[in-house]
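Okay, so the sequence shown: first residue is 0 according to numbering that gives the first Met the number 0, each after it adds one.
Note that the Cβ used here is the ideal one computed from N, Cα and C, for glycine as well.
These figures come from a predicted structure and were not determined experimentally.
Contents: one structure, followed by commentary.
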Amino acid sequence: MEVILMQFFSALVGALVVYIFGVRKSSIDVRNAFFQKQLSEFYSPIAGYRKRIQSKSEIREKVSSVAQEAWKEAVAKRNPAWETKDEREKEFEPYGKIIEYDNAQLREELIPLYREILRIFTEKYWLADEDTREYYESFSEFIEIWERYLSEALPSNVLIKLHHSEEELHGFYEHVERKLSHLQHAIVSPSFWKVWL
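Here it is, written out as structure tokens:
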């Protein structure tokens, strides 16, 4: 009888240990799958679009700065008494094209990238950590103000008074980069794949 009880008790303990480890492994697998989903469907795409915007913006600022210097040099060399209005306009034309290009790029490339970030943020909101969700309203507002301005439903002076600037989003961008790094580290970490009791 005692042997039967010991065998029963051993089987019960064994089953309990297997059950506990199975439940633990299952919960870890679910957590890890969620981390991977957050990384691949939320944080990584947002960070990628942001980097694309940043790259285009930095090139725009670089070209604008050099063009401004070149324009000042050209103006300093000119003798206004010797030139006609047509000559001045012809000289300014390539510089005006820079402004036209920048405006077209804002409408056709940058704003659509911002929209895509907002779409991901909206559709994949459930993948965002709670501290990330705090940025949703300010990001949405940033885009809405641009949309109004580009639709000519917001005068320039109102845009200026709103102090509308991408600098408002730097906290969000830094936060997304930190989350991305954290998730990448968590996934490649050996403990990510271990099952602990």
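Report the CB separation of Q104 from K55 in whole angstroms; it is logged as a contact under 8 Å.
The count along the sequence shown starts at 1 and reaches residue 104 at position 105. The count along the sequence shown starts at 1 and reaches residue 55 at position 56. That pair is a contact at about 7 Å.
The segment 138 to 155 / the segment 108 to 128 touching (three or more Cβ pairs under 8 Å):
yes
Please report the distance separating the alpha-carbon of K178 from that of K89.
Position 179 of the sequence shown, counted from the first residue, corresponds to residue 178. Position 90 of the sequence shown, counted from the first residue, corresponds to residue 89. Roughly 50 Å between the two C-alpha positions.
Cutting at 8 Å between CB atoms, please list the residues of its own chain near I110, excluding the five before and the five after it.
Position 111 of the sequence shown, counted from the first residue, corresponds to residue 110. Correct list, in chain order: I142, W145, E146 and L149.
Can you look up E167 in the DSSP assignment and give me helix, strand or coil?
Along the sequence shown, one-based indexing puts residue 167 at 168. Residue state, collapsed to three classes: helix.
Limits of the alpha helix (DSSP H) - the one that Y100 falls within
In the sequence shown, the residue the question calls residue 100 occupies position 101. Here the alpha helix (DSSP H) through Y100 covers K84 to Q104.
When the Cα atoms are used, what is the spatial distance from A185 to F33?
As a working note, residue 185 is residue 186 in the sequence shown. As a working note, residue 33 is residue 34 in the sequence shown. Taking the straight line joining both Cα atoms gives about 12 Å.
Tell me the residue span of the alpha helix (DSSP H) that contains W70.
Translated into positions along the sequence shown, residue 70 becomes position 71. From DSSP, the alpha helix (DSSP H) with W70 extends over S43 to K76.
At the level of alpha carbons, what is the spacing between H169 and A75?
As a first step, residue 169 is located in the sequence shown; it is residue number 170 there, counting from the start. As a first step, residue 75 is located in the sequence shown; it is residue number 76 there, counting from the start. Roughly 38 Å separates the two Cα atoms.
Roughly how many whole angstroms lie between the Cα atoms of L182 and S164?
The count along the sequence shown starts at 1 and reaches residue 182 at position 183. The count along the sequence shown starts at 1 and reaches residue 164 at position 165. Each residue's Cα considered, the two are about 29 Å apart.
What residue range does the alpha helix (DSSP H) around D130 cover?
By 1-based counting over the sequence shown, the position of residue 130 is 131. Segment E129 to R132, the alpha helix (DSSP H) holding D130.
Use the C-beta contact count for I45: other C-beta atoms within 10 angstroms, 16 or more gives buried, fewer gives exposed.
On the sequence shown, position 46 is the one that residue 45 refers to. The residue is buried, with at least 16 neighbouring Cβ atoms inside 10 Å.
Excluding the 5 residues flanking F41 on each side, which residues of the same chain have their C-beta closer than 7 Å to its C-beta?
On the sequence shown, residue 41 is found 42 positions in, with the first residue counted as 1. These residues qualify, in order along the chain: I119, K123, L126 and A127.
Using only alpha-carbon positions, find the residue among V157, R49 and S188 that is nearest to E176.
For the purposes of this step, residue 176 is taken as residue 177 along the sequence shown, with counting starting at 1. When each option's Cα is compared against that of E176, the closest is R49.
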